[in-house]
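Following my numbering, the numbering of the sequence shown begins with 29 at its first residue and continues without gaps.
Note that beta-carbon positions come from the ideal geometry of N, C-alpha and C, so glycine has one too.
Every value quoted in this text rests on a predicted model; they were computed, and no experiment measured them.
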Amino acid sequence: LKFFPGLVGGHCIGVDPYYLTYKAEQLGYHSQVILAGRRINDDMGKYVAENVVKKLIAAGKNVKDAKVAILGFTFKENCPDTRNTRVIDIMNELGEYGITPVVADPVADADEGKQHYGIEFIDISTVKDMDAVIIAVGHTDFMSFSMSDIDSMFASGDNSSKVLVDVKGVLDRKSRMYLAEQGEYAYVATLEAFKDAGIDESYLENNEVGILYGNDSSAKAVVQSHELIVEKKDTTLVGSSAIFQSMNSTVS
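In structure tokens:
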């Protein structure tokens, strides 16, 4: 199964599990896993909004009255239905910080958005001079965006002053340019490593791949530990000394 990031709205996953847990509790069973999943999904709007605020601060922007655009409002991609959309959670949480975002959604039912949420969608061509852009829904219309299209939505300035949050992961990974200098180095090194190893995009999409980043002192311990596990097929053989040597590596 392929799973993708994003907000979980609608009725099937967003509401129906509560019916199941309600009935289960009547029978004396407490569905902690189901409820934990719902709590996580229900908090995602707040999580996204808080991260936008943190990134605005890091970019040197004034949070109050920051210009923020949200692309997409429906509860899922390529569907006009806005009922039980969780994008509204992002808007409400941003409002707590004094931010009133504009929303552009070429697919959403405009009348429904105005009637149920009091929101008037703007034309996406008018999204300009933004401090932050949030891609909240994976509409096909958004899939074709190039980074130059995205860049035209921001106020002028270098990339460090622009906040882009791709909730649905719709942008091509190779095209992402809003990286710190260290990230750019890691990105280029990763591409070269994949090329040397003969790993292409189709392999990454069809297999679980872990990437180990580390400096010279830690990378050696990571590689040696990995080789030992592969050879003996037993993780218990990796001692604490190897673990401590590799602790400043990052697994991605």
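- Secondary structure note for V131: its beta strand (DSSP E) is the uninterrupted segment 130 to 132.
- Residue pairing by DSSP places D194 opposite I163 in a beta bridge.
- Looking at the DSSP output, L99 shares a beta bridge with A132, I163.
- As computed with DSSP, M158 is found in a beta bridge with F182.
- For T168, the three-state secondary structure derived from DSSP is helix.
- Taking a cut-off of 8 Å for Cβ pairs, the stretch 70 to 85 and the stretch 133 to 144 do not touch, as fewer than three such pairs fall below it.
- Straight-line spacing of the CA atoms in G123 and D93 works out to 9 Å.
- With fewer than 16 neighbouring CB atoms inside 10 Å of its own CB, E229 falls in the exposed class.
- Taking all protein chains in view, the Cβ of D151 is surrounded by fewer than 16 other Cβ atoms within 10 Å, so the residue is classified as exposed.
- In this structure, V193 keeps its C-beta atom at 8 Å or more from the C-beta atom of G100.
- When rounded, the separation of the alpha-carbon atoms in N187 and V130 is 21 Å.
- The DSSP-derived three-state label of Y47 is helix.
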